[in-house]
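Just so you know, the protein sequences line up as chains S and H, in that order. Take 1027 as the starting number for the first sequence in my numbering and just add one per residue. Take 4 as the starting number for the second sequence in my numbering and just add one per residue.
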Amino acid sequence: MTDLLTHVLVAFVAATVLSWVAGPVTKRHVPLAMVGAVLPDTAKAYLLLGSIRPSVLGVEVSWLALQTLGGSLALAGVVTLFVDRAERRPAAALLGLGVGLHVLLDYLVVRAGGYAPPYLYPFTWAQLPAGNVYLSSDIWPGALAVAVAGVVVIVDRHLSDQ
Amino acid sequence: MAGRPLVRILVAGLLLLSVAGMAVDYAASADERTVYPSEEHLEEHYERFHGQEVRVWLVVAEVGDGQFSGGGWQVRVDPVPASVDEGDSVQVVGTARPGTVIEARELFVTERTNKHYMYAVSAIAVLLTAAVTLRHWRPSVDRLALVPRREDP
């Protein structure tokens, strides 16, 4: 993962730009992409709970399943079910966009050994080569995301005023 | 389906059940399916991996001459990179040797202060997402759903 702020801002930027060009996507759908971008990091609950592979009722489970495409899309499906019916289709699309962008950015993280985790699980266990662009804790991706998001906010306001 | 919250709750329950199934399968299968064994597996069966390449994450407790240690691991690397300090997080790939020793082939250092930064901005991200979402949506108990606050311009 990059820091969660980068994930959320990248989703914000992509969804806002989409709202400029895609009719069914409006401003109110932008935060749904941000929510989608948060979902894979529900796996980080283990940082608070202590174990990455706890035993529940005698069965071992892995929090890491939640950071995969399959786990996150299933969670996005749950969120979609609790969005107003008329909004459910764009909600599903934007939640999926947020999840997809999060996974994409995770492939760019520096990994010792050169392999990213199997983020495409359960569709495949394949471990694609890591992009090795930034460490999860690097500050510059977040700074860049803040700058780009700032520009997008200004342009969005300008377009709204027209 | 909108007028049938029980159906939605049932479908949501099935989706959450699928997530639980993935969590169980991932825990059971990842060690055989991934390039490097999990740290839990490594700690339990370290002797099986002697001579093989392994990957661990550790927090540096002590830095010495040609080695550093943390999290029960001793990492040999000569020279120890100047960026490795106590409290830093390090991901290491190297060859497993007897005595929880790893001869490092490649390592990346995350400074302690950067890790604190990551946690802080990630918490901000959660708050920002919640704030922006509630600006455009409100929870409706009657409809058991998030509904738009108003029409967008």
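We put the CB at the ideal spot given by N, CA and C, even for glycine.
With a 10 Å radius around the Cβ and a threshold of 16 neighbouring Cβ atoms, His1128 (chain S) comes out buried. Within the stretch 1046-1076 of chain S, contact with chain H at the beta-carbon level (separation under 9 Å) is assigned to Thr1052, Lys1053, Arg1054, His1055, Val1056, Pro1057, Leu1058, Met1060, Val1061, Ala1063, Val1064, Asp1067, Lys1070 and Leu1073.
Proximity of Ser72 (chain H) to chain S, defined by a Cβ-Cβ separation below 7 Å, is not satisfied.
For the pair Ala1041 (chain S) and Pro1057 (chain S), the Cα-to-Cα distance works out to about 8 Å. Counted as a single uninterrupted DSSP element, the alpha helix (DSSP H) harbouring Thr1106 (chain S) occupies residues Leu1095 to Leu1107.
Val129 (chain H) and Ser1088 (chain S) have their alpha carbons spaced roughly 23 Å apart.
Taking one beta carbon from each stretch, the stretch 1156-1170 of chain S and the stretch 1089-1105 of chain S have fewer than 3 pairs nearer than 8 Å; the two do not touch.
Counted as a single uninterrupted DSSP element, the alpha helix (DSSP H) harbouring Pro1116 (chain S) occupies residues Arg1114 to Asp1132.
Considering only H:Val57, H:Val87, H:Tyr49 and H:Arg58, the residue with the shortest C-alpha distance to Glu65 (chain H) is H:Val87. Chain S places no beta carbon closer than 7 Å to that of Tyr49 (chain H), leaving this residue out of the contacts. The Cβ neighbour count for Ile105 (chain H), taken over all protein chains shown within 10 Å, is at least 16; the residue is labelled buried. Put simply, the CB of Val135 (chain H) is near chain S, with a gap under 7 Å to one of its CB atoms.
Beyond the five residues adjoining it in sequence on each side, Arg115 (chain H) comes within less than 8 Å, by CB distance, of Asp88, Gly90, Asp91 and Ser92 in the same chain, given in chain order. The DSSP assignment places complete beta strand (DSSP E) segments of no fewer than 3 residues inside the stretch 6-67 of chain H at 56-62 and 65-67, in order along the chain. The secondary-structure analysis by DSSP pairs Ile105 (chain H) across a beta bridge with H:Val78 and H:Ala99. Separation of the CB atoms of Tyr1141 (chain S) and Tyr29 (chain H) is rounded to 16 Å, and the pair is thereby denied contact status at 8 Å. By the beta-carbon neighbour count (other beta carbons within 10 angstroms, threshold 16), Trp1046 (chain S) is exposed.
In its chain, beyond the 5 residues on either side, Tyr39, Glu56, Val57, Arg58, Ala107, Arg108, Glu109 and Leu110 have a beta carbon closer than 8 Å to the beta carbon of Val96 (chain H). Val1082 (chain S) has S:Val1085 as its beta-bridge partners, per DSSP.
Under a criterion of Cβ atoms nearer than 8 Å, the residues of chain H adjacent to Phe1108 (chain S) are, in order, Arg11, Ala15, Leu147, Ala148 and Leu149. Residues of the stretch 1150-1182 of chain S whose Cβ lies closer than 8 Å to any Cβ of chain H, in chain order: Trp1151, Gln1153, Leu1161, Ser1162, Ser1163, Asp1164, Ile1165 and Gly1168.
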